[in-house]
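Remarks on the structure that follows.
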Amino acid sequence: MEALERQLNENDFAIFVFSPDDVATIRGSESFITRDNTLFEMGLFWGRLKRERVFFIVPDVTPDTDGVGGLRIPSDLAALTVLTYQVRSDNNYNAAVNVACGKIQTIIEELGSFEDPALLLHEALETSEQDYAIIRLLRTLSKHLLKDASNKYEYLSEAVRSTYMVPPSYFVEGIGVWLKEENQDYTGLRQIAGNEGQGKFYDFGVNTGKNQSERIVVVDCLLNSEELVLLKNNTSFDKKYVLCYPIGNEIVLTVALTGRVSLSEAEMDQIFLDNHKLLGIINYLFGGV
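Read in the UniProt record's numbering, the sequence shown has 144 at position 144, and its numbers run on one by one without any break.
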C-alpha cells in the first residue's frame with residue numbers, strides 16, 4: 001500500500017490493462033473479468049486524478065472458451081475512457097497498443113500536469129497568511145509613524161515581532177534593529193532598537209582573523225549582504241536561533257526564535273520562505289533609509 005500511495009502522489013495519469021484473467025458467474029452466466037486488485041487500484045487513481053486522467057485498455061478479443069462470454073466491464077466504469085488493444089500471435093506489443101497510445105498521448109498533451117487541489121489550497125492559505133502578515137505590519141507601522149516618526153526603528157521591531165511567521169513549536173523571543181554607525185574613529189554596527197542585542201556595538205573589523213564559530217554574524221550579514229542564521233543557544237531544554245537579514249546597505253534586522261526541538265535545514269529554509277514577502281516590504285520601506 002505504501003508503494004501504491006507513492007504512485008498516487010507521483011503520477012499525472014494512469015493506465016490499466018484489463019486482461020481476462022478470471023471467470024465469474026454473474027446473474028447465472030459466466031464471463032471473463034479482470035482481477036479485483038486492478039479495479040481497486042484504478043478506483044484509487046480515479047478518486048485522485050478524476051476520470052479524464054484514468055484510462056483502461058481491454059482486449060479486442062477474449063479466449064474462445066465454451067460457456068464463457070466476453071470480458072465483463074462493470075457498468076460504473078462506463079464514464080471512463082475505454083480503449084482496446086489487439087491480441088496478436090506475433091507478440092508485436094507496440095502494434096497492439098499503437099492506436100490506444102495515440103489517443104492517450106493526445107489527451108495528455110491537452111490536459112498537461114495534474115494540479116492537486118489539496119496542494120493548491122494549501123499554497124493559497126500560505127499566501128493568504130503571508131499577505132495578512134504584511135497588512136498587519138503596515139497597519140502597525142502607519143499607526144505609530146503618524147503619531148511620532150522619530151521612533152521608527154522601535155516601531156519596526158514591534159511590528160516584526162507580532163507578524164513574523166514561525167513554526168508551531170517556536171515563538172519570537174526577540175527582535176533587534178542594527179544600524180551602521182560611522183565617524184572618524186570607527187565604522188561599525190550598533191543595536192538601536194528592539195530587545196535582541198541591546199546596547200551592543202561591533203566594529204566592522206571585529207571578524208578579522210576569527211574562525212567561523214567566533215564570527216559576529218550581524219557584521220557578516222551586512223558586509224556580505226546575505227541572510228545568515230546563528231544557533232545561539234543549544235541545550236536539552238531549548239534551542240535559540242537568531243536569523244539575520246540585511247536591510248539595504250545600512251541596517252540589519254535580527255529575529256530570535258526559541259523552541260524545544262532542533263530545526264532542520266529544510267525547516268529553516270521554510271521559515272525564510274514564509275517570511276520572504278514580509279522582509280521584501282521591510283526592505284522596500286527601510287532599505288533606502
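A virtual CB, placed ideally from N, CA and C, is assigned to each residue, including glycine.
All figures in this text were calculated on a predicted structure; none of them were measured in a lab.
key: Close-in-space but distant-in-sequence residues of the same chain around residue 12 (CB under 6 angstroms, 5 per side omitted)   = Counted from its first residue, the sequence shown places residue 12 at position 12. Only 113, 114 meet the Cβ criterion.
message = Would residue 217 and residue 202 qualify as a contact pair, given that the criterion is a beta-carbon distance under 7 angstroms?
response = By one-based count along the sequence shown, residue 217 stands at place 217. By one-based count along the sequence shown, residue 202 stands at place 202. No, these two residues do not count as a Cβ contact at 7 angstroms.
request  = Quick one: which unbroken beta strand (DSSP E) runs of 3-plus residues sit fully inside the stretch 31-109? Chain order, please.
outcome  = Along the length of the stretch 31-109, whole beta strand (DSSP E) runs at least 3 residues long occupy 54-59, 68-71, 81-85, reported in chain order.
request  = Measure the alpha-carbon distance for residue 174 versus residue 196 and round it to whole angstroms.
outcome  = Within the sequence shown, the letter at position 174 stands for residue 174. Within the sequence shown, the letter at position 196 stands for residue 196. Those two C-alpha atoms are separated by around 5 angstroms.
message = The beta strand (DSSP E) that contains residue 290, what's its start and end?
response = The first residue shown for the chain is 1 and the last is 289, placing residue 290 beyond what the model contains.
inquiry  = Just to check my reading of the structure: residue 268 and residue 229 have Cβ atoms closer than 8 angstroms, yes? What is that Cβ distance to the nearest angstrom?
reply    = Reading the sequence shown from its first residue, position 268 is the one you call residue 268. Reading the sequence shown from its first residue, position 229 is the one you call residue 229. Yes, residue 268 and residue 229 are in contact; Cβ-Cβ is about 6 angstroms, under 8 angstroms.
ask   = Alpha carbon to alpha carbon, how far is residue 6 from residue 44?
value = Taking the first residue of the sequence shown as 1, we reach residue 6 at position 6. Taking the first residue of the sequence shown as 1, we reach residue 44 at position 44. Cα to Cα, residue 6 sits roughly 12 angstroms from residue 44.
task = Use the C-beta contact count for residue 246: other C-beta atoms within 10 angstroms, 16 or more gives buried, fewer gives exposed.
result = Start at 1 with the first residue of the sequence shown, and residue 246 comes out as number 246. So residue 246 ends up on the buried side.
ask   = Looking at residue 100 and residue 86, is the spacing between their C-beta atoms short of 7 angstroms?
value = Counted from its first residue, the sequence shown places residue 86 at position 86. Counted from its first residue, the sequence shown places residue 100 at position 100. If you check the CB distance, residue 86 and residue 100 do not come in under 7 angstroms.
Local conformation of residue 171 per DSSP, three classes = Working through the sequence shown from its first residue, we reach residue 171 at position 171. Looking at residue 171 - three-state DSSP - the assignment turns out to be strand.
message = Restricting to Cα atoms, I'd like to know which of 158, 151, 133 is closest to residue 276.
response = Residue numbering aside, residue 276 sits at position 276 when the sequence shown is read from its first letter. Residue 133 is the option with its Cα nearest to residue 276.
ask   = For the putative contact between residue 71 and residue 32, defined by C-beta atoms under 8 angstroms, what is the C-beta separation to the nearest angstrom?
value = Position 71 of the sequence shown holds residue 71. Position 32 of the sequence shown holds residue 32. That belief holds up - the Cβ atoms of residue 71 and residue 32 are roughly 5 angstroms apart, short of 8 angstroms.
query = Apart from the five residues just before and just after residue 58, which ones in its own chain have a Cβ nearer than 8 angstroms to its Cβ?
reply = As a first step, residue 58 must be located in the sequence shown, where it is residue number 58. The answer, listed in chain order, is 18, 71, 73, 82, 83, 84, 85.
N-terminal and C-terminal residue of the alpha helix (DSSP H) that residue 152 is part of = Translated into the one-based positions of the sequence shown, residue 152 becomes position 152. Residues 152-163.
query = Are the beta-carbon atoms of residue 193 and residue 157 separated by less than 7 angstroms?
reply = The sequence position of residue 193 within the sequence shown is 193, counting from 1. The sequence position of residue 157 within the sequence shown is 157, counting from 1. Yes, Cβ-Cβ distance for residue 193 and residue 157 is below 7 angstroms.
inquiry  = Less than 7 angstroms between the C-beta atoms of residue 163 and residue 138, yes or no?
reply    = Start at 1 with the first residue of the sequence shown, and residue 163 comes out as number 163. Start at 1 with the first residue of the sequence shown, and residue 138 comes out as number 138. Taking 7 angstroms as the cut-off, the Cβ atoms of residue 163 and residue 138 do not count as close.
request  = Consult DSSP for residue 207 and reduce its assignment to one of helix, strand or coil.
outcome  = Along the sequence shown, read from residue 1 onward, the residue named residue 207 stands at position 207. When DSSP states are grouped into helix, strand and coil, residue 207 belongs to the coil group.
Exposed unless 16 or more other CB atoms sit within 10 angstroms - verdict on residue 200 = Position 200 of the sequence shown, counted from the start, is the residue given in the question as residue 200. With fewer than 16 Cβ atoms within 10 Å of its Cβ, residue 200 is classed as exposed.
message = On the DSSP letters alone, give me the boundaries of the alpha helix (DSSP H) that residue 280 sits inside.
response = The count along the sequence shown starts at 1 and reaches residue 280 at position 280. Looking at the DSSP string, the run of the alpha helix (DSSP H) that includes residue 280 is 276-286.
ask   = Does the Cβ-Cβ distance between residue 252 and residue 178 come in under 7 angstroms?
value = Position 252 of the sequence shown, counting from 1, holds the residue named residue 252. Position 178 of the sequence shown, counting from 1, holds the residue named residue 178. The beta carbons of residue 252 and residue 178 sit closer together than 7 angstroms.
query = What distance in whole Å lies between the Cβ atoms of residue 207 and residue 248, which are believed to be in contact at a cut-off of 8 angstroms?
reply = Working through the sequence shown from its first residue, we reach residue 248 at position 248. Working through the sequence shown from its first residue, we reach residue 207 at position 207. Not quite, the Cβ-Cβ distance comes to about 21 angstroms (not below 8 angstroms), so this is no contact.
task = Go ahead and label residue 107 buried or exposed: buried means 16 or more other beta carbons lie within 10 angstroms of its beta carbon, across all protein chains shown.
result = Along the sequence shown, one-based indexing puts residue 107 at 107. Residue 107 is exposed by the Cβ-count criterion.
query = Where does residue 93 land, buried or exposed, given buried means 16+ other C-beta within 10 angstroms?
reply = The residue labelled residue 93 in the question sits at position 93 within the sequence shown. Burial call: exposed.
query = Going by the CB atoms, is the gap between residue 68 and residue 23 shorter than 7 angstroms?
reply = For the purposes of this step, residue 23 is taken as residue 23 along the sequence shown, with counting starting at 1. For the purposes of this step, residue 68 is taken as residue 68 along the sequence shown, with counting starting at 1. It is a contact, given that the beta carbons lie within the stated cut-off.
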